[in-house]
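Below you'll find the structure, written out as structure tokens, and then a few comments.
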Amino acid sequence: MLFGYKMFKLRQKICDIGNRLWMMSMLPAGDGNISVRLDNNRYLITPSGISKGFLEPGQILLIDGSGKVLDGKGTPSSEIIMHLVAYRLRGDVNAVVHAHPPYATSFSCTNNTLPDNLISEGIIKVGKIPTAPFAIPSSKDTAEAVAPYFRQYNAVLLKNHGAVSLGKDLDDAFLKMELVEHISKIAILTNLIDNLQQIPEDKMKELLELARKFNT
Ligand SMILES: [Zn+2]
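Just so you know, the sequence shown maps onto residues 319 to 534 in my numbering.
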């Protein structure tokens, strides 16, 4: 169980990450949501409809595994079901970040799959980034569409919507979201240049093995 100072630090960390993502244009208006697991039935999550660029620790809500608010005023993020599904499916995941990064979201609005053979460190730290089928945002459908991908991937694009990253803690989930956007940006920019050079297949095997070690 977490109380007092540690709980405050986690609320503060969610605010810091919200501000960073907003500064990076990944959370326009009141978009996106961030959560962290405290123990086996308590989570902190951002409130719905408020800009994540200006959050105060007191605005972060404490909820249980059913989504019931245990502490705080306001309504939890509309994507609460998606966050809870990630925690239910993955014991190794303790933080979830959902954002609308412009390059990654652009990719999700096409029929192209995000290439996984362009940047070595992206492969090692995030692995493959698939795109989950379209679902109406903030509905049970989104959680159902993305659940099969949560079982085996740490970052997923949401078709015509945005991206979600899973981490062992808040920093890890934030860094993965940052990399998702970086990889998407590189993929789009390289598409504008001739003579694209992808990582050779034999080296990809080595990188995927490194990715497996890095993420376990
Ligand atoms: Zn969204």
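Heads up, the beta-carbon is just placed ideally off N, CA and C, and yes, glycines get one too.
Proximity winner among F425, K521 and T460, relative to I437 (alpha-carbon distances): Taking only the C-alpha atoms, the option nearest I437 is K521.
Within the stretch 425 to 501, ranges of the alpha helix (DSSP H) (whole runs, at least 4 residues): DSSP runs (the alpha helix (DSSP H)) wholly in the stretch 425 to 501: 438 to 443 and 458 to 468.
Within 8 angstroms, strictly: CB atoms of S384 and I363: For S384 and I363, no; Cβs fall outside 8 angstroms.
Candidates E527, K391 and E462, of which the one nearest A453 by Cα: Ranking E527, K391 and E462 by Cα distance to A453 puts E462 first.
Cα-Cα separation, S424 to V482: Distance between the alpha carbons of S424 and V482: 14 angstroms.
CB-CB length for N351 against H416, believed under 8 angstroms: That belief holds up - the Cβ atoms of N351 and H416 are roughly 5 angstroms apart, short of 8 angstroms.
Terminal residues of the beta strand (DSSP E) in which D382 lies: Segment L379 to D382, the beta strand (DSSP E) holding D382.
First and last residue of the uninterrupted beta strand (DSSP E) at I363: Per DSSP, the continuous beta strand (DSSP E) segment holding I363 begins and ends at R360 to I363.
Any non-hydrogen atom of ligand 1 closer than 7 angstroms to L455 Cβ: Sequence inspection shows Pro at residue 455; the Leu mentioned does not correspond to that position. At least one heavy atom of ligand 1 is found less than 7 angstroms from the C-beta of P455.
Contact set for S426: own chain, Cβ-Cβ below 8 angstroms, skip 5 residues either direction: Excluding sequence neighbours, S426 sits near T449, L475, L476, K477, N478, H479, G480 and A481.
N-terminal and C-terminal residue of the alpha helix (DSSP H) that H401 is part of: Element bounds for H401: I398 to L407.
Proximity test, D349 beta-carbon vs ligand 1 heavy atom, cut-off 7 angstroms: D349 Cβ: within cutoff of ligand 1.
Residue(s) in a DSSP beta bridge with I352: DSSP lists V415 as partners of I352.
Proximity below 8 angstroms, CB of V403 to CB of L484: No, the pair does not count as a contact, with Cβ atoms beyond the cut-off.
Top-ranked residue by Cα proximity to A347, from E439, M495, K327 and L373: Comparing Cα-Cα distances from A347 to each of E439, M495, K327 and L373, the minimum goes to L373.
beta-carbon E374 near ligand 2 non-hydrogen atom, thresh 7 angstroms: Ligands displayed in this structure: ligand 1; ligand 2 is not among them.
Which residues DSSP lists as bridging P518, in chain order: Under DSSP, P518 forms no beta bridge with any residue.
Cα-Cα separation, A491 to I335: Roughly 10 angstroms between the two C-alpha positions.
Beta-bridge partners of D357, as assigned by DSSP: By DSSP's assignment, D357 forms a beta bridge with R360.
Residue range of the unbroken beta strand (DSSP E) whose run includes L388: For L388, the uninterrupted beta strand (DSSP E) segment begins and ends at V387 to D389.
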